[in-house]
Amino acid sequence: MSGFLRTGKRRTTQAGVTLLPSGRTVWVSSGSSLLEAALAAGEEIAHPCGGRALCGACHVIVREGCRSLSKVRKAELERLARLDGKKSLSRLACQAVLGSHSVTVQLIKQ
Ligand code: FES
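Residue 94 in UniProt numbering sits at position 94 of the sequence shown; the count goes up by one each step and never skips.
Structure (C-alpha cells):
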C-alpha cells in the first residue's frame with residue numbers, strides 16, 4: 001500500500017509483473033508501464049513508436065490482475081481496435097500503468 005512516512009517522504013510501492021511465456025517476474029514501482037517492466041525483465045518487446053500508442057507492436061494480453069492497471073484511454077483504444085488478434089484483455093504495454101497489485105501478462109510476438 002502506498003502512503004507517506006511520518007517524515008513526509010513518499011514510500012514507493014512495488015508491484016510484481018510476471019511475463020509469459022518466459023514466466024519471469026520483475027518487481028517495479030507502481031506507476032511504471034508494462035513496457036518498462038518488460039524491458040526491466042530483459043524481455044524482447046518491440047516499441048518502435050517509443051511508447052506513444054502509435055504502432056501497436058507492444059500488444060500484450062493480461063492474464064491476471066487487470067484491475068491493477070490503468071484504464072484504457074482513447075489513443076490506446078483506437079490503436080487496439082486496428083490490431084489483428086485483439087482480445088478483450090488486450091493492452092498496449094506502453095499505455096498500461098501498474099497500480100499496487102501484481103499482474104501477469106502474455107507477450108505477443110509480432
Ligand atoms: S510502443 Fe508503440 S504502441 Fe506501444
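In this text, a Cβ means the ideal position worked out from N, Cα and C, and glycines have one as well. Since we're looking at a predicted model, the values are computed, not measured.
- Annotated three-state conformation of Ser-29 is strand, per DSSP.
- For Arg-91, the enclosing beta strand (DSSP E) starts and ends at 90 to 92.
- In this structure, Ala-15 sits near Ser-30, with a CB-CB distance shorter than 8 Å.
- Shown here, Arg-24 sits in a strand according to DSSP, grouped into three states.
- The set of residues with any CB-heavy atom separation to the ligand FES below 7 Å comprises, in chain order, Leu-35, His-47, Pro-48, Cys-49, Gly-50, Gly-51, Arg-52, Ala-53, Leu-54, Cys-55, Gly-56, Ala-57, Cys-58, Arg-79, Leu-92, Ala-93, Cys-94, Gln-95.
- For Leu-39, no beta strand (DSSP E) encloses it; the enclosing alpha helix (DSSP H) starts and ends at 34 to 40.
- The beta carbons of Val-60 and Leu-69 sit no closer together than 8 Å.
- Around the CB of Thr-25, fewer than 16 other CB atoms lie within 10 Å, so the residue is classed as exposed.
- Look at the beta carbons and you see the stretch 77 to 93 touching the stretch 43 to 62: at least three pairs across the two are nearer than 8 Å.
- Straight-line spacing of the CA atoms in Lys-71 and Ala-96 works out to 7 Å.
- Taking C-beta atoms as the reference points, Val-105 and Val-28 fail to come closer than 8 Å.
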